[in-house]
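Take a look at the structure set out below.
There are 2 protein chains.
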Amino acid sequence: MTEVTATMGRAPTLKEIAEVAGVHASTVSRALRPTREGALPTAEVERIRGIAADMGYRPNFIAAGLRTQRTHTIGVVIPRLTDGVIATLCQAIEATATSAGYQILLATPPDEVDAQLQSIELLLSRQVDGLIVTSLHLGRDEMATQVRSAGVPVLTVNRAGDDALPAVTADDRAGGRLATEHLIALGHRRIGIIAGPRHASTAWRRTLGYQDALRAAGIPIDDSLIVHTEFEVEGGIAGATHLLELPDPPTAIFAVNDTAAVGALGVARDRGIRIPSDLSLVGYNDIPLVGQLPVPLTTVRSPAAQIGEAAVAELLRGIDGEEMSTVTLPVSLVERQSTGPAR
Amino acid sequence: MTEVTATMGRAPTLKEIAEVAGVHASTVSRALRPTREGALPTAEVERIRGIAADMGYRPNFIAAGLRTQRTHTIGVVIPRLTDGVIATLCQAIEATATSAGYQILLATPPDEVDAQLQSIELLLSRQVDGLIVTSLHLGRDEMATQVRSAGVPVLTVNRAGDDALPAVTADDRAGGRLATEHLIALGHRRIGIIAGPRHASTAWRRTLGYQDALRAAGIPIDDSLIVHTEFEVEGGIAGATHLLELPDPPTAIFAVNDTAAVGALGVARDRGIRIPSDLSLVGYNDIPLVGQLPVPLTTVRSPAAQIGEAAVAELLRGIDGEEMSTVTLPVSLVERQSTGPAR
DNA sequence: TTGTATGCGTTATCAG
DNA sequence: CTGATAACGCATACAA
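Going line by line, the protein sequences match chains A and B.
Mapping the first sequence onto numbering that gives the first Met the number 0, position 21 (from 1) lands on 20, and the numbers just tick up by one.
Mapping the second sequence onto numbering that gives the first Met the number 0, position 234 (from 1) lands on 233, and the numbers just tick up by one.
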């Protein structure tokens, strides 16, 4: 019954269903809504739902959102998706949001302030209910200012908690300390660090942890051993090359990023430097691949997926009008074979 | 002038700006629109835009979309974001879409038919203007059926062109052939393949290319040398273990995925098998990392970014009412040190 | 229990 | 050139 009543123009609307069902559009709206609030008779609800299904009804969330002022969409600004850790984070955000009935509007702008600001603006124009922004640049007030004017809750991820925005982060400083303490415990005293870009707060905090550990061990901090580079393999190559060409090269290198560590690995290979006997190497993130390298990499495991889950959870609290809080998740050292006693 | 006229409740609307400017809302709409179609006097346009800027106006795309039936949003269904190649693809899609004035609604459902169908449904409810779906399961009619009923252009990526949906893909079959021919040219005749999941069309087509090459060389196809596994490192471990434990193990392995190749590398290491002297290994994708491995990996370069760009370009044509066509992009072999002459 | 009326913010179509 | 009006699809307060 009511078989191919479907009007040819695709998407039937509530009104069209109402006509077929012989009721008013508002009745259909009530029947279709999950919560039985309007209290229709169950039989009628079933009948109407059946007709809607037959007609291939598909709710128009965008129209509903205009009415309710809730789009059930959250905006995610997340540069460098190709970084495995960030992809994991993004995946976790998406999955968590989806299971809470939200969808993700994604922006992956280049790692520059203006582009990021513009992405945020665009997302807000799309009436997102909340915003998760990651890897923002440090020390730019525009960011916080604009973001505060957003009118929706904004949560940062991987950003220093040094401003008013709530943040969900891993304890990068502790991670940097763990890695460095491990090397110190192995007898290394001349430890280089491939410290990533200056503007990346995660990298910066790992570097702080590195300095903490040196200081605690009474080892003087030698700035020539701290080299700032880009993330990724190329950064690792540049950083390791620089460090190994020093007059008094380090006996161990801590790369604040696994892919950079892999780059360092390549440099060591090219120079005939054996790992770990000639040089110890520690990475950061524990991407799946580094456990399978010919010399499995010692690294720091950062809970990317949990960060994503926690971020969404916090943001949803914000969307519900509650206070969002800053969350810091613990990290752990994964000891493998790329680190060994100092010569 | 007209300084802090902003009503406290954030987002001012066209109507509020109109009040301040002393004109009608529709006039403001015309003034703000990029194309000077309504032909306002330039001075008036400037004045109104100034007021809008002062008041912190932010257009509500969702309301505009309701009216214009165009959301300037494209839905992307893309499982396994954590795969580097897919992330690159996603990034390229996002970047291309953004520069064309579109935004991305992202769904990364698990690699299962039902979840993928549901994701599509959700995206359509959000009134996306078009859909890019990747890595769909083979041979499930529901997919094509539902997708056809979408009412918006749908483009597939990484999917076999064996049905009616237009697709943008790399030439995976040629890639599989290239890799295998390379090994054959090196004198290998017993070549194993870590062939990925059966349902993944990319993997499947690479396997076909592998068979093509063997056949062309007059080498009989030995099914025991074809092992299906999951993607990722674990799949590579399982596949390599299986192959190397064969009574008559292969002298070369083609992994249809770089990360699987890295897994195979780990297995070789554990068994004291040297690469390439004991075993040649070819990967697929040329993710940045594999060029920096201690033994740089020979692999096939797949143009992930170009696929993304082409996919968006095609889809936009579809959105503009033109016919979309199927695009196949060429791949190339990258010879490095993980392959050598057969013993 | 169900229909009516209204409005969400915007744009398109008319008049004027 | 600009104002008034309607409509996009839906949800809801209100009336019946």
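Don't be surprised by glycine CBs; every beta carbon is placed ideally from N, CA and C.
- For residue 67/A, not one C-beta of chain B is nearer than 8 Å to its own C-beta.
- Pairing residue 280/A with residue 301/A, the inter-Cα distance amounts to about 17 Å.
- Within the stretch 50–125 of chain A, the complete beta strand (DSSP E) runs of at least 3 residues fall at 72–76 and 102–106.
- Residues of the stretch 49–78 of chain A whose Cβ lies closer than 7 Å to any Cβ of chain B, in chain order: 55, 57, 58, 59, 60, 61, 62, 64, 65 and 70.
- In this structure residue 224/A is not in contact with residue 183/A, their Cβ atoms being roughly 13 Å apart against a cut-off of 8 Å.
- Separation of residue 11/A and residue 194/B (C-alpha to C-alpha, rounded to the nearest whole angstrom) is 44 Å.
- Against chain B, a Cβ distance below 8 Å from residue 261/A picks out 288, 291 and 292.
- DSSP places residue 200/A inside the alpha helix (DSSP H), whose first and last residues are 200–215.
- Interface criterion met: the Cβ of residue 10/B is under 8 Å from a Cβ in chain A.
- At least 8 Å separates the CB of residue 306/B from every CB of chain A.
- At a Cβ-Cβ threshold of 8 Å, residue 338/A and residue 275/A count as neighbours.
- Under a 10 Å Cβ-count criterion, residue 257/A is classified as buried, with 16 or more other Cβ atoms of the shown protein chains found around its own Cβ.
- Pairing residue 14/A with residue 201/A, the inter-Cα distance amounts to about 52 Å.
- Against chain A, the beta carbon of residue 148/B has neighbours under 7 Å at 55, listed in chain order.
- Taking 8 Å as the CB threshold, residue 317/A stays off the interface with chain B.
- The alpha-carbon of residue 96/A is positioned some 11 Å away from that of residue 104/A.
- Put simply, the stretch 37–46 of chain B does not touch the stretch 37–54 of chain A. Fewer than three CB pairs are less than 8 Å apart.
- In this structure the stretch 212–224 of chain B does not touch the stretch 258–272 of chain B; the number of beta carbon pairs closer than 8 Å is below three.
- Exposed is the label assigned to residue 67/A, since fewer than 16 other Cβ atoms lie within 10 Å of its Cβ.
- The three-state secondary structure of residue 190/A, taken from DSSP, is strand.
- Excluding residues up to 5 positions away in sequence, 47 and 50 lie with their Cβ nearer than 6 Å to the Cβ of residue 20/B in the same chain.
- If you ignore the 5 residues before and after residue 18/A, its C-beta comes within less than 7 Å of no other C-beta in its own chain.
- Scanning its chain for C-beta atoms nearer than 6 Å, with the 5 sequence neighbours on each side dropped, one finds around residue 297/B the residues 281, 334, 335, 337 and 338, in chain order.
- Using a Cβ distance threshold of 8 Å, residue 76/A and residue 118/A count as a contacting pair.
- Rounded to whole angstroms, the separation of the alpha carbons of residue 216/B and residue 90/A is 43 Å.
- Under DSSP, residue 129/B forms a beta bridge with 73/B.
- Identification of chain B residues near residue 264/A by a Cβ-Cβ cut-off of 7 Å yields 291 and 293, ordered along the chain.
- Proximity of the stretch 111–129 of chain B to the stretch 171–191 of chain B falls short of the contact definition, fewer than three beta-carbon pairs being nearer than 8 Å.
- For residue 94/B, the closest alpha carbon among the candidates 155/A, 341/A, 322/A and 78/A is that of 78/A.
- Leaving aside the five residues that flank residue 32/A on each side, none in its chain has a CB nearer than 8 Å to its CB.
- At least one C-beta of chain A is nearer than 8 Å to the C-beta of residue 126/B.
- Only buried fits residue 313/A, as 16 or more other CB atoms lie within 10 angstroms of its CB.
- Per DSSP, residue 183/A lies in no beta strand (DSSP E); the unbroken alpha helix (DSSP H) holding it starts and ends at 171–184.
- Taking the Cα positions, residue 70/A is about 50 Å away from residue 179/B.
- In this model, residue 229/B and residue 288/A are separated by some 15 Å (Cα to Cα).
- Taken in chain order, the whole beta strand (DSSP E) runs of length 3 or more contained in the stretch 247–291 of chain B are 251–254 and 279–281.
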